[in-house]
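J.: Before anything else, here's the structure in question.
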Amino acid sequence: MFRMLLSLLLPMFTLTRPALAIEALDPRFSGDGIAIIDQGEDWPVITCPAAGGKRLLVNRTGESAITTSRLFDNGQLDPQFGTGGTAVATVSTFPSWRYTPALCRDDGSVWIVSEVAGNGDDRNLRVFAIGANGALQTDFGGAPGGLVNIDLDQSRPDLSNIEFPRAMIAMPDGGALIVGHVRVTTIGRDRPFVIKLSAQGAVQRIAFPEPAGLSESIRASAAAVGPGGGIWVVGDGYASGNRAYRIYIDPKNYAVVRTEISDDSASNVGVSSGVLLRSGVMVVAGTQTPVVGEPAQPRLFVFRANSNSFTMLPMPNPLPGTAGAGLQVQADGNGATLVAVPPDRVVLAMGVDSFANGDRVRDAGIYVGRAIIGDSIAEDRVDTAFGIGGRDGLSVPSGDPSCSGQTNRQEHAHVGLWDQRPLILGRIFGRCSPDSQDDILLLRLAPADVLLRNGFE
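Under this note's numbering, the final residue of the sequence shown carries the number 465; numbering is consecutive throughout.
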């Protein structure tokens, strides 16, 4: 069932939050720029362009299905799509609520990689494709039923069953590249992996590129392809503190050609995503914890050909109100995503946690920041014209009486562009008892790219 937040929750909004500025969100989208879609216990995966200016919304339902809906430009469900606006594809995956990378394809399909249960307690990777009609593409990858199962343990005998797919990107030949990290049993630490898929989805190559100069766990979180076909992989690893890194991989033999590591001032970081803004300039999103035990702060790391720097985005707005009294907030780096707004801007979206006494308390809201990336380090800066000093955020009340008096809860999943307007995808916990219930949350920014001046509720 599709629910318009403004029409159904107006009494709650009137009582609990001030009115949004007219330019804050795109008023063409669901009336106020915010839409909530109730499709059961779904975890949002991605939104992708569809024919006629529409948008596909792809979600994962537990460990048994992928649900796809098609939205009109105004945020309404297209009733001509699937059954009542939604198509369901039965696909077994592993019930992990994080790390379900997906890729929007030019033909309107969506490629998805997820974990899947193997033999015993083993976990493998599963890649499959959902067509523009929401159906599973059973000929994908030449695999039975269109399900390409990948067991990294078979490629290296020292790997465990703990595999984390983190990102999937398009390759120049029409194929795709999956990056992530996997636990190595002999050292008990994570190491990066990359998987090259053909244009049909078949596995062409599996490699384990390792950055030089890092130790402990080394995680790969994102990748990009340069104009010449070279592959950039970014992540974090340990070198006198956890640092961000970027490696350049030769696309012919998948050997690491160069490793770049962030400097000492950018230690104790976690990397979640990255985009190639222009040739040689890669922007990486994550968090930094300057002091152990203090809240994590949002950061952008900018890698250029011969230098790297980091930009400190402002901290999330505080959580006023009785439900959040006494709580700090921190950026949730695990869920940070990034979208480039050419030629020189990036928009970062991530979850925000309630934080108290050095520990995460619960999910609280969604953070958005914007930065301008210049031709040199000296020109990189927070875009202070955006929101409140370069950042804004939102925490939507559920409207359900069972959640009265509790801190609002929502999580971030993905940020993309719809008609050059940033579209933020997440989920909101719409009911607290007797059982929790979550719904899909969509926010679309207005053309002015100004979001939510009122901060957290």
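No residue lacks a Cβ here, since even glycine has one placed at the ideal position from N, Cα and C.
Between 238, 379, 281, which lies nearest to residue 265 when the distance is taken from Cα to Cα?
T.: For the purposes of this step, residue 265 is identified with residue 257 of the sequence shown, where counting begins at 1. For the residues 238, 379, 281, the minimum Cα distance to residue 265 belongs to 238.
J.: Considering only residues of the same chain and omitting the five flanking positions on each side of residue 129, which have a CB-CB separation below 8 Å?
T.: Locating residue 129 in the sequence shown gives position 121, counting from the first residue. Only 169 meet the Cβ criterion.
J.: For residue 351 and residue 290, what's the separation of their Cα atoms in angstroms?
T.: One-based indexing of the sequence shown puts residue 351 at position 343. One-based indexing of the sequence shown puts residue 290 at position 282. If I take the Cα positions, the gap works out to 13 Å.
J.: Please return the same chain residues whose Cβ sits closer than 6 Å to the Cβ of residue 336, not counting the five positions on each side in sequence.
T.: By 1-based counting over the sequence shown, the position of residue 336 is 328. Excluding residues within five positions, the ones whose Cβ falls inside 6 Å are 303, 363.
J.: Is DSSP giving residue 151 helix, strand or coil here?
T.: Residue mapping note: residue 151 aligns to position 143 of the sequence shown, counting from 1. If DSSP states are grouped into helix, strand and coil, residue 151 belongs with coil.
J.: Under 8 Å: do the stretch 197-214 and the stretch 163-182 share three or more Cβ pairs, one atom per stretch?
T.: Yes, they touch.
J.: What three-state label does DSSP hand residue 411 in the structure shown?
T.: The count along the sequence shown starts at 1 and reaches residue 411 at position 403. It is helical.
J.: Roughly how many whole angstroms lie between the Cα atoms of residue 281 and residue 245?
T.: Residue mapping note: residue 281 aligns to position 273 of the sequence shown, counting from 1. Residue mapping note: residue 245 aligns to position 237 of the sequence shown, counting from 1. Rounded to whole angstroms, residue 281 to residue 245 spans 14 Å at the Cα level.
J.: Whole angstroms are fine: how far does the CA of residue 60 sit from the CA of residue 388?
T.: Sequence index remark: in the sequence shown, residue 388 carries index 380 (1-based). Sequence index remark: in the sequence shown, residue 60 carries index 52 (1-based). Cα to Cα, the separation comes out at about 37 Å.
J.: Return the first residue and the last residue of the beta strand (DSSP E) that residue 260 is part of.
T.: Position 252 of the sequence shown holds residue 260. Per DSSP, residue 260 belongs to no beta strand (DSSP E) and is neither H nor E.
J.: Is DSSP giving residue 384 helix, strand or coil here?
T.: The residue labelled residue 384 in the question sits at position 376 within the sequence shown. The answer is coil: DSSP assigns residue 384 none of H, G, I, E or B.
J.: Please report the distance separating the alpha-carbon of residue 229 from that of residue 182.
T.: Mapped onto the sequence shown, residue 229 falls at position 221. Mapped onto the sequence shown, residue 182 falls at position 174. One C-alpha to the other measures close to 21 Å.
J.: Quick check: what's the CA-CA separation for residue 242 versus residue 293?
T.: In the sequence shown, counting from the first residue as 1, residue 242 sits at position 234. In the sequence shown, counting from the first residue as 1, residue 293 sits at position 285. Taking the straight line from one Cα to the other gives about 10 Å.
J.: Per DSSP, which residues does residue 311 bridge with? Please list them.
T.: Taking the sequence shown and counting its residues from 1, one reaches residue 311 at position 303. DSSP, once it has assigned bridges, lists 290, 316 as partnering residue 311.
J.: I'd like the list of long-range same chain contacts for residue 184, defined as Cβ closer than 7 Å, with 5 residues on each side in sequence excluded.
T.: For this step, residue 184 is matched to residue 176 along the sequence shown. The residues are 111, 119, 176, 177, 178, 205.
J.: Under a three-way DSSP split, which group does residue 39 fall into?
T.: As a working note, residue 39 is residue 31 in the sequence shown. Coil.
J.: Taking all protein chains shown into account, decide if residue 536 is buried (16 or more other Cβ within 10 angstroms of its Cβ) or exposed.
T.: Residue 536 lies beyond the stretch modelled for the chain, which goes from 9 to 465, so this question has no answer here.
J.: If you reduce the DSSP assignment to three classes, tell me which class residue 270 lands in.
T.: In the sequence shown, residue 270 corresponds to position 262, counting from 1. Reduced to three states, the DSSP call for residue 270 is coil.
J.: For residue 221, list the residues DSSP reports as bridge partners.
T.: For the purposes of this step, residue 221 is taken as the residue at position 213 of the sequence shown. In DSSP, residue 221 forms no bridge with anything.
J.: Do residue 382 and residue 358 have their CB atoms nearer than 8 Å?
T.: Your numbering for residue 382 matches position 374 in the sequence shown. Your numbering for residue 358 matches position 350 in the sequence shown. Taking 8 Å as the Cβ cut-off, residue 382 and residue 358 do not qualify as a contacting pair.
J.: Residues in the same chain with beta-carbon distance under 7 Å from residue 259, minus the five sequence neighbours each way, listed in chain order, please.
T.: The sequence position of residue 259 within the sequence shown is 251, counting from 1. Closer than 7 Å at the Cβ level, and outside the excluded window around residue 259, lie 237, 238, 239.
J.: Rounded to whole angstroms, how far is the Cβ of residue 186 from the Cβ of residue 121, which I believe are closer than 8 Å?
T.: The residue given as residue 186 occupies position 178 in the sequence shown. The residue given as residue 121 occupies position 113 in the sequence shown. The pair is a contact, with the Cβ atoms about 5 Å apart (cut-off 8 Å).
J.: Which whole-angstrom value describes the C-beta separation of residue 324 and residue 356, a residue pair presumed to lie in contact below a C-beta threshold of 8 Å?
T.: As a working note, residue 324 is residue 316 in the sequence shown. As a working note, residue 356 is residue 348 in the sequence shown. That belief does not hold up - the Cβ atoms of residue 324 and residue 356 are roughly 12 Å apart, past 8 Å.
J.: Looking only at its own chain, which residues have a Cβ that is under 7 Å from the Cβ of residue 233, when we skip the five neighbours before and after it?
T.: Taking the first residue of the sequence shown as 1, we reach residue 233 at position 225. Once the five neighbours on either side are set aside, the close Cβ partners of residue 233 are 177, 179, 180, 239.
J.: With distances taken from CA atoms, which of 316, 384, 418, 322 is nearest residue 378?
T.: Taking the sequence shown and counting its residues from 1, the one referred to as residue 378 is at position 370. Cα-wise, what sits closest to residue 378 is 322.
J.: In the DSSP assignment, find the beta strand (DSSP E) that holds residue 299 and state where it starts and stops.
T.: Taking the sequence shown and counting its residues from 1, the one referred to as residue 299 is at position 291. Element bounds for residue 299: n/a, residue is neither H nor E.
J.: Got a sec, what are the start and stop residues for the beta strand (DSSP E) residue 359 sits in?
T.: As a working mapping, residue 359 is identified with position 351 in the sequence shown. Per DSSP, residue 359 belongs to the beta strand (DSSP E) from 353-364.
J.: Distance, Cα to Cα, residue 73 vs residue 97?
T.: Locating residue 73 in the sequence shown gives position 65, where the first residue counts as 1. Locating residue 97 in the sequence shown gives position 89, where the first residue counts as 1. Their backbone Cα atoms lie some 6 Å apart in a straight line.
J.: Less than 7 Å between C-beta atoms, sequence neighbours within five positions excluded: which residues of the same chain meet that for residue 101?
T.: Within the sequence shown, residue 101 is the residue found at index 93, counting from 1. Cβ neighbours of residue 101 beyond the five flanking positions: 68, 71, 122, 123, 124, 134.
J.: If the criterion is Cβ atoms closer than 8 Å, does the pair residue 109 and residue 435 meet it?
T.: Here residue 109 is taken as the residue at index 101 of the sequence shown, counted from 1. Here residue 435 is taken as the residue at index 427 of the sequence shown, counted from 1. The answer is no: Cβ separation not under 8 Å.
J.: Within the same chain, show all residues whose beta-carbon is closer than 8 Å to that of residue 353, passing over the 5 residues directly before and after it, in chain order.
T.: One-based indexing of the sequence shown puts residue 353 at position 345. Same-chain partners within the cutoff: 378, 379, 380, 381, 391.
J.: Could you say which of 319, 431, 188 lies nearest to residue 107 if we only look at CA atoms?
T.: Walking along the sequence shown from the start, residue 107 turns up at place 99. Checking every option, the nearest Cα to that of residue 107 belongs to 188.
J.: Just mark residue 82 as buried or exposed, buried being the case when its beta carbon has 16 or more other beta carbons within 10 Å.
T.: On the sequence shown, residue 82 is found 74 positions in, with the first residue counted as 1. The residue in question, residue 82, is exposed, as its Cβ has fewer than 16 Cβ neighbours within 10 Å.
J.: Report the option in 429, 440, 425 whose CA atom is closest to the CA atom of residue 418.
T.: Taking the first residue of the sequence shown as position 1, residue 418 is located at position 410. Comparing Cα-Cα distances from residue 418 to each of 429, 440, 425, the minimum goes to 440.
J.: Measure from the alpha carbon of residue 385 to the alpha carbon of each residue in 420, 216, 312, then state which is nearest.
T.: Translated into positions along the sequence shown, residue 385 becomes position 377. Answer by Cα proximity: 312.
J.: Report, in whole angstroms, the separation of the C-beta atoms of residue 318 and residue 270, which I expect to be a contact under 8 Å.
T.: The sequence position of residue 318 within the sequence shown is 310, counting from 1. The sequence position of residue 270 within the sequence shown is 262, counting from 1. Between residue 270 and residue 318 the Cβ distance is about 7 Å, and since that is below 8 Å, they are a contact.
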